[in-house]
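Peer 1:
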Amino acid sequence: MTQFIEILPAPSYRSRTSPRPTVDVRRVGIDWAGRMITKRTRTAGPILITATIGTAAVAALTAAASLAIGPTDDYARIFPPRWLSFLAVTLVLVSLLVARMTSSKRGTRAAGVLGWAAAVFFFGASGGAVLDGFRAFFWATGIPSGDFATVDWPGATARAASLLAALVTVAWAWQLRTDPAGAAAGAAASARTRIAVAWCAVAFAVPYPLLKLVWWVQDDSNPPVDVTAGFPVMELLSFGSALVLVLLLTSSRRVPLPAWLLVAGGWCASMALLSMGFLMVFGLLAQATGVAAGSVVFASDGATLMVLCVYGTWLALGVVMLTATLGFIDARGSTRDAENARAHASIAA
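Numbering (this note's numbering), first residue to last: 190 to 538.
What follows is the structure, encoded as structure tokens:
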């Protein structure tokens, strides 16, 4: 019996005392993040493509209807021509085809350039949508405002559709630029980019309210333009809010506000600013080439320069706001992917 016991194998406690197998946390995290990015792209791609085609189709249909009916109010005659929507639709459809037919970096870059060009023309076609919104507000509320309560409804609908198409086209063009390698490179320089965007916001948000303050404090008997200058409450609030929003979007610290609220505010503010800014660009080009249905006559060359500077700062601030919003979205996505990758790696270990 003793001999039988001696030849039995001794009990093994290796499973309790031996170290766990090593896990390459970095490799697990990268693989998991890669799968998540691929899955997210597959899910968002068809939805975004469908939205891009749908909004472009609506913009084309409403523009065609507006052209057939014509302006129903004189204020709309100075806006950019409606056929800009057709150029934008053509460009975005070509962008979609190029992205579909090629997978090379050069083809993707070409599709992105076409997408951004389409967005610019959509913004041009939307010029005046913000003014339509104010007129529709006074029309709906019945607040006495004279002729400002009348709305060119066919044109307003077409301009609103073009603005929506511009938003979706921007998202499409931005997705073509985004890839894991590009996101990593962007994260490395994110601090410098945030600082530059914040200072640009300060530079472009201050001039217009400051100009309004100068008008208010100076002698009303000799104003620079034929306007009655009151205290610029709305200008200070709107541009001050825009500046604060850019600073929140570019902050390196956690902001005690819901991310969706910041993103929604960034999208709305950038769309409004870009629509107003491109109204000046395409409106002046339309008047210079004689394709505009109406014309704007300024009191002097100084007034013309002032309008160019004012609308130019709106356009620049819109670009800054859009850059801050898209950067914030990218940063949120990268942070979420990294946190999920670390959590998955710790569970796997």
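The C-beta atom is built at its ideal place from N, Cα and C for all residues, glycine as well.
#1: With a cut-off of 8 angstroms on the beta carbons, I'd call Phe393 and Ala505 a contact; round off their distance for me.
#2: Output yes or no for whether 7 angstroms exceeds the beta carbon distance between Leu438 and Phe517.
#3: Distance, Cα to Cα, Val452 vs Leu446?
#4: Please work out which residues of its chain come closer than 8 angstroms, Cβ to Cβ, to Leu352, disregarding the five sequence neighbours upstream and downstream, and give them in chain order.
#5: Count the other CB atoms within 10 Å of the CB of Val357; is the residue buried (16 or more) or exposed (fewer)?
#6: If you follow the alpha helix (DSSP H) that Ile332 is in, where does it begin and where does it stop?
#7: Just verifying my parser: in three-state terms, what is the DSSP assignment at Arg295?
#8: Could I get the ranges of all uninterrupted alpha helix (DSSP H) runs contained in the region 255-331, with 4 residues as the minimum, in chain order?
#9: With distances taken from CA atoms, which of Gly259, Leu426, Leu432 and Val386 is nearest Asp341?
#10: Measure the alpha-carbon distance for Ala222 versus Trp361 and round it to whole angstroms.
#11: From Leu426 to Gly243, what does the alpha carbon distance come to, in whole angstroms?
#12: For Gln238 and Pro333, what's the separation of their Cα atoms in angstroms?
#13: If I follow the unbroken alpha helix (DSSP H) through Leu474, where does it start and stop?
#14: Who are the Cβ neighbours of Pro343 in its own chain at under 7 angstroms, not counting the five residues just before and after it?
#15: In or out: Asp321 buried (at least 16 other Cβ within 10 Å) or exposed?
#16: Leaving out five residues before and five after Ala421 in sequence, what residues of the same chain have Cβ atoms less than 7 angstroms from its Cβ?
#17: Would DSSP call Gly507 helix, strand or coil?
#18: Measuring only the C-alpha atoms, how far is Ala277 from Ala306?
#19: Sorted by chain position, which residues of the same chain lie with C-beta nearer than 8 angstroms to Gly419's C-beta, five sequence neighbours on each side aside?
#20: Are the beta-carbon atoms of Gly472 and Pro270 separated by less than 7 angstroms?
#21: When the distance is taken between beta carbons, is Met510 closer than 7 angstroms to Val435?
#22: Among the residues of its own chain, which have a CB less than 7 angstroms from the CB of Leu365, if the five just before and after it don't count?
#23: Please classify Arg383: does DSSP put it in a helix, a strand, or coil?
#24: How big is the Cα-Cα spacing for Gly454 and Leu432?
#25: Under 7 angstroms, do Thr251 and Ala350 count as touching if we go by C-beta distance?
#26: DSSP on Pro445, reduced to helix/strand/coil?
#27: Using the C-alpha atoms, what's the distance from Val359 back to Ala248?
#28: For the candidate residues Leu497, Ala448 and Ala345, whose alpha-carbon lies nearest to that of Asp263?
#29: Apply the 10 Å Cβ neighbour rule to Cys498 and answer buried if 16 or more other Cβ atoms are within range, or exposed otherwise.
#30: Going straight from the alpha carbon of Lys294 to that of Ala458, what length do you get?
#31: Distance, Cα to Cα, Ser292 vs Val391?
#32: For the candidate residues Val470, Ser274 and Ser379, whose alpha-carbon lies nearest to that of Asp519?
#33: If you measure between the beta carbons of Ala354 and Ala245, is that distance less than 7 angstroms?
#34: Classify Thr502: buried if its beta carbon has 16 or more other beta carbons within 10 angstroms, exposed otherwise.
#35: How many angstroms separate the CA atom of Ser430 from the CA atom of Trp388?
#36: Leaving aside the five residues before and after Val281 along the sequence, list all residues of the same chain whose C-beta is less than 7 angstroms from its C-beta, in chain order.
Peer 2: The short version:
#1: 5 angstroms
#2: yes
#3: 11 angstroms
#4: Phe311, Phe312, Ser315, Ala318, Met460 and Ser464
#5: buried
#6: No alpha helix (DSSP H) holds Ile332; DSSP gives it neither H nor E.
#7: helix
#8: 273-290, 294-314 and 318-330
#9: Gly259
#10: In this prediction, Ala222 scores a pLDDT of 37, lower than 50, which makes its location untrustworthy; the coordinate-derived value is nonetheless stated afterwards. So the two alpha carbons sit approximately 22 angstroms from each other.
#11: 35 angstroms
#12: One point to set straight first is that residue 238 is Ile, not Gln, in the sequence displayed. In a straight line, the C-alpha of Ile238 is about 44 angstroms away from that of Pro333.
#13: Ala448 to Thr478
#14: Ala254, Ser255, Ile258 and Thr261
#15: buried
#16: Here residue 421 turns out to be Pro, not Ala, going by the sequence shown. Within the same chain, Pro421 has close Cβ partners Pro398, Lys401, Leu402 and Trp405.
#17: helix
#18: 8 angstroms
#19: Trp405
#20: no
#21: yes
#22: Ala288, Thr297, Ala300, Gly301 and Gly304
#23: helix
#24: 12 angstroms
#25: yes
#26: coil
#27: 15 angstroms
#28: Ala345
#29: exposed
#30: 32 angstroms
#31: 40 angstroms
#32: Ser379
#33: yes
#34: buried
#35: 15 angstroms
#36: Thr241, Ala245, Gly304, Ala307 and Thr358
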